[in-house]
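S.K.: Here it is, the structure, as structure tokens.
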Amino acid sequence: LCSCTVIILSSIEVELEVRDHVATLVSTLLYENKEDKPIEAVFVFPLPGDAAVCHFSAVIGQTQIVAEVKEKQQAREEYDDALSSGQQAFLLEESDQSPDIFSLSVGSLPPGESASIRLEYVTELAVQVDDGLRFCLPAVLNPRYQPQGSSVQVTSVPASLVPYSLSFSARVSSPRPISKVESSCSLDPLQYLNAEKTQATVKLAAGHKFDRDVELLIYYTDAHQPTAVVEAGQASAKTGTVMGDLMVMLSLYPEFPQSGMSSAASCGEFVFLMDRSGSMDCLLNNSNHQGTRVASARDTLLLLLKSLPMGCYFNIYSFGSSYEHMFPKSVEYSEKTMEEALKKVEEMTANLGGTEILKPLEHIYSQPCIPNQPRQLFVFTDGEVGNTKEVIDLVKKNSGSHRCFSFGIGEGASTALINDLAKEGGGHAQFITGGDRMQPKVMQSLRFALQPAVQDVSVTWDLPKGVSATVLSPPITALFQGQRSLVYTQITGQVGAGCVTVKYSLAGHLSQNQLCFSLKSAEETGLTVHRLGARTLIRSLEMEEREHRGQQVGGVKEKVVELSIQSGVSSSFTAFIAVNKSDGKEIQGPLVRRNVPINLSLHLDPLLQLVSLQKASGCWLLDAALAAALGKTSEEVEKPKPASVNQEVWATVLALIWLHGFKTDAKEEWELLAMKAVSWIHAQNAQCMTECVEAANTVLGCKVPKDALGL
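Take the sequence shown: its letters are residues 1041 to 1751, numbered as in our numbering.
What follows is the structure in structure tokens.
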């Protein structure tokens, strides 16, 4: 961008309306032409990958123009025709390569004129490790890595130079009380609107520069209760259509029986796929506390490798423009293979160039599965790939033979890539942004991977005579303890009351949950649920169209276009187009195109030091390295050992006491490897454990009771 350009996006105002698990966002963008000639401004910006754009309008002077959804090529032609005949026009379209990038063209803005653009979208809020619901307004659009021969142009500037400001407010309502709202940015205090605390508003503190994602975390009491949100159809739409009928959104959190959970798998083939492209050398966040993304990924691999169960298999792949694997095929986990892998992990740097993830995935899927060792794939990337759709299609094709857990690292990871890898691979997605530590999130996913998968999920509806249900969501493929699944269902016919039963099997146990609800919608609920239901169906149809592209399977693209136009929800085959026909005056002079910029985006931790010393079997050795990790001299740890206790048992108890005594805040990171250590101690049939624990507490100055250790 040359320095002579006069920037023309001057402010962004955002209002968020959260209803339980879903949200509608309204943003108003103010553009000004400060040049002396007419211009066309092109603004490329990110949205959450699962968002559905559902309204786009513009106000110029006193005139409001509301955009219509049209087939994409037709919309582009109308836009070009309008500009060439001197009319004002606006075009909003989803990128062909990735559904979470939109480009907005503000065409033909006369000198000195301003245009206010209003954009609305609906989105589901993801559940976090601690039951918070996460909303993220992405500010950063990393320049995506484009495989050769593709097209989206992105202009970027450093965050400190972003020339526009942001104001942000949110209104939250839910059937259950709101306990708190937190953010990575500074907020004004939460204002409750009623005594039950089921409605509240919150605002971003003044003076926020749009130099990072705005992340909100919303916490409800009784977060695990399943709910059904019922929404009336659009009065102007025909009965029997997605928008005209009643829509129900079910949110499911199955209760997992303890008996099923205790059989946590001690087997599995764990394949770790690590991004080593150049962008992984960036800092994990804008403050320099945590080092680079690749350094954080190395620490995370250390924790993962120490936490794997004996008897499983593993391999580590890394990729950039090319890819490498640590072992020719997955190897059995042992002290020898773990040490060999850790040596190679320490040498990993972000030196492999671009981000070509397709080839290593093809290689992983070409390897035969190991009998009785279910394959679990962990993918770490900062999500800057251009061929998202091809990658997702490959994962879906192989979804029967593995589960895929994905991790988006750093500001600007592609939500479409990370979410869809997990969704199509029957796993779980995590985002590591802002001040997040990668380790707790990754260890949560490892716990999911070690859980027996929920199978044979069925959802059955019990409705009055003459009422039918059409489920718009794809079948549920994976459920983990504490995870939510949203199911959108269109209800046709006269209303009454309905019930839905969810059944599934977990480690051989059959479970079922029942939820009853009234088929009358709450007053004035808007169309958030309908639009999200339509978006869910559109995404499924788009995937079906890609699977059959080139074959003569007719009508899928036409169905998407029809549904997109009918629901007013964006798709990859449609675009929003608005032409201002009211103003008779033609705009004189050649158009200048302007791309509006968006921003681009240590010492060894004592915990990791201790973890790095643990053996694959779960024990620690009594040596100088352990003493140093515990902050003691060799003599201080060796001398107090009770005579009847062997050295490894003593060392392992010391390590466990240190973890419980000093690192409770990071328990989710070390819990699995501590369980492995306790199992190892049990297997030794060690005597005098009460005396051993007391002596270890004395050495470390702790008061950890024996039963807290699980001994």
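Beta carbons: idealized from backbone N, C-alpha and C, even for Gly.
Out of curiosity, what's the CA-to-CA distance linking Asp-1460 and Ile-1432?
M.R.: 6 Å
S.K.: Name, in chain order, the residues that DSSP records as bridge partners for Arg-1158.
M.R.: Thr-1068, Ser-1097.
S.K.: Taking only the alpha-carbon atoms, compute the straight-line gap between Gly-1701 and Met-1583 and give it to the nearest angstrom.
M.R.: 50 Å
S.K.: Can you tell me whether Arg-1415 is helix, strand or coil according to DSSP?
M.R.: Three-state DSSP puts Arg-1415 in a strand.
S.K.: For Asn-1639, count neighbouring C-beta atoms within 10 Å of its own C-beta (all shown protein chains included) and say buried if the count is 16 or more, exposed if not.
M.R.: At Asn-1639 the pLDDT is 48, less than 50, meaning the model places this residue with poor confidence and gives no usable figure here.
S.K.: Distance, Cα to Cα, Cys-1409 vs Arg-1415?
M.R.: 7 Å
S.K.: Who are Leu-1348's beta bridge partners in DSSP?
M.R.: According to DSSP, Leu-1348 bridges with nothing at all.
S.K.: Say whether the segment 1533–1543 touches the segment 1504–1515, bearing in mind that this needs 3 or more beta-carbon pairs closer than 8 Å, one atom from each stretch.
M.R.: yes
S.K.: By the 10 Å Cβ neighbour count, where 16 or more other Cβ atoms means buried, how is Glu-1402 classified, buried or exposed?
M.R.: The residue is exposed, with fewer than 16 neighbouring Cβ atoms inside 10 Å.
S.K.: Rounded to the nearest angstrom, how far is the Cβ of Ile-1141 from that of Pro-1086, given a contact under 8 Å?
M.R.: 6 Å
S.K.: Helix, strand or coil: which one does DSSP assign to Cys-1037?
M.R.: No answer is possible for residue 1037: the residues shown for the chain start at 1041 and end at 1751.
S.K.: Rounded to a whole number of angstroms, what is the C-alpha to C-alpha distance between Arg-1216 and Tyr-1232?
M.R.: One C-alpha to the other measures close to 13 Å.
S.K.: So, for Val-1334: in the same chain, excluding its five sequence neighbours on each side, which residues have a beta-carbon less than 7 Å away from its beta-carbon?
M.R.: Arg-1316, Met-1320, Asp-1321, Met-1388, Thr-1389, Ala-1390
S.K.: Is there contact here, the segment 1711–1718 with the segment 1690–1698, by at least three beta-carbon pairs under 8 Å?
M.R.: yes
S.K.: Checking 7 Å against the spacing of the C-beta atoms, do Gly-1423 and Gly-1448 come in under that value?
M.R.: yes
S.K.: For Lys-1243, which of helix, strand or coil comes out of DSSP?
M.R.: Correct three-state label for Lys-1243: strand.
S.K.: Compute the Euclidean distance between the alpha carbons of Ile-1605 and Met-1287, then round it to the nearest angstrom.
M.R.: 18 Å
S.K.: Would Val-1212 pass as a contact of Ala-1235 if the rule is Cβ separation under 7 Å?
M.R.: no
S.K.: So Arg-1571 and Ser-1607 are supposed to be a Cβ contact under 8 Å. How far apart are they, rounded?
M.R.: 6 Å
S.K.: I'd like the span of the alpha helix (DSSP H) that includes Ile-1141, first residue to last.
M.R.: From DSSP, Ile-1141 is part of no alpha helix (DSSP H) but of the beta strand (DSSP E) over 1141–1149.
S.K.: Are Val-1146 and Tyr-1259 closer than 7 Å when you measure CB to CB?
M.R.: Taking 7 Å as the Cβ cut-off, Val-1146 and Tyr-1259 do not qualify as a contacting pair.
S.K.: Cα separation between Asp-1496 and Leu-1546?
M.R.: 9 Å
S.K.: Hey, Thr-1103 and Asn-1427 are a contact pair by Cβ (cut 8 Å); roughly how many whole angstroms apart?
M.R.: With a Cβ gap of about 41 Å, Thr-1103 and Asn-1427 do not count as contacting.
S.K.: In the DSSP assignment, find the unbroken alpha helix (DSSP H) run with Ala-1695 in it and report its ends.
M.R.: 1687–1702
S.K.: Quick one: using the 10 Å Cβ neighbour count with 16 as the cut-off for buried, is His-1264 buried or exposed?
M.R.: exposed
S.K.: Buried or exposed: His-1468, going by 16 or more other Cβ atoms within 10 Å of its Cβ?
M.R.: buried
S.K.: Got a sec, what are the start and stop residues for the beta strand (DSSP E) Tyr-1353 sits in?
M.R.: 1353–1359
S.K.: So, helix, strand or coil for His-1643, using DSSP?
M.R.: Unreliable positioning characterises His-1643 in this predicted model, as indicated by a pLDDT of 43, which lies under 50. The coordinate reading is nonetheless provided below. In the structure shown, His-1643 sits in coil (DSSP, three-state: anything other than H, G, I, E or B).
S.K.: Please list the terminal residues of the continuous alpha helix (DSSP H) segment that includes Ile-1218.
M.R.: Taken as a continuous stretch (DSSP letters only), Ile-1218 belongs to no alpha helix (DSSP H), being part of the beta strand (DSSP E) at 1218–1223.
S.K.: Thinking C-alpha only, which one of Gly-1595, Ser-1498, Phe-1520, Thr-1568 is nearest Gln-1552?
M.R.: Ser-1498
S.K.: Suppose the cutoff is 7 Å on Cβ atoms and the five residues either side in sequence are ignored; what does the same chain contact list for Leu-1342 look like?
M.R.: If we look at Leu-1342 and ignore the five residues flanking it on each side, its Cβ neighbours are Leu-1382, Val-1385, Leu-1648, Val-1651, Ser-1652.
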